[in-house]
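**Q** In the working numbering, the protein residues as written are 108 to 210. Using N, Cα and C, we set each Cβ at its ideal position, and we do this for glycine too. Mind looking over this structure? Questions follow.
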Ligand SMILES: [Zn+2]
């Protein structure tokens, strides 16, 4: 019996597998990069155009990358993350900055 999680080739550079409920799951062959809606470090919305690229590289929004990851690059790459106190200080300073929403 075939493993239910195993994908088979599908046309158009995609792959598919059958779902136990009777439908097919079709996905691209390549991995899809997904940027979360909120930064896992500061919990702010990922709203800057630079945030997806920053998340791919640093797993943080561009603001957290500039503030925390760049200055402590080596520590960041080995798993260091800012303390709760540092994040609370950052959040209280961010609350003073107005949001600008363009429609
Ligand atoms: Zn962030």
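For ligand 1, which residues count as neighbours when the test is a C-beta closer than 6 angstroms to any heavy atom?
**A** 146, 148, 149, 151, 167, 168, 170, 171
**Q** What are the partner residues of residue 135, as DSSP defines its beta bridges?
**A** Within the chain shown, residue 135 is the residue found at index 28, counting from 1. According to DSSP, which records beta bridges pairwise, residue 135 is partnered with 121.
**Q** How many whole angstroms separate the CB atoms of residue 165 and residue 172, which I take to be in contact at a CB cut-off of 8 angstroms?
**A** Position 58 of the chain shown holds residue 165. Position 65 of the chain shown holds residue 172. Correct: roughly 4 angstroms between the Cβ atoms.
**Q** Which same chain residues end up closer than 7 angstroms to residue 115 when comparing Cβ atoms and leaving out the 5 residues on each side of it in sequence?
**A** Reading the chain shown from its first residue, position 8 is the one you call residue 115. Once the five neighbours on either side are set aside, the close Cβ partners of residue 115 are 122, 123, 124.
**Q** Is residue 152 helix, strand or coil when you go by DSSP?
**A** Start at 1 with the first residue of the chain shown, and residue 152 comes out as number 45. If DSSP states are grouped into helix, strand and coil, residue 152 belongs with the strands.
**Q** Can you tell me the Cα-Cα spacing of residue 170 and residue 112, whole angstroms?
**A** Position 63 of the chain shown, counted from the first residue, corresponds to residue 170. Position 5 of the chain shown, counted from the first residue, corresponds to residue 112. So the alpha carbons of these two residues sit roughly 38 angstroms apart.
**Q** Between the alpha carbons of residue 127 and residue 152, how many angstroms are there, rounded?
**A** Here the question's residue 127 lines up with position 20 in the chain shown. Here the question's residue 152 lines up with position 45 in the chain shown. Looking at the backbone, the Cα of residue 127 and that of residue 152 are separated by about 36 angstroms.
**Q** What residue from 175, 155, 184, 148 has the CA that sits closest to residue 207's CA?
**A** Start at 1 with the first residue of the chain shown, and residue 207 comes out as number 100. If we check each option's Cα against that of residue 207, 155 comes out closest.
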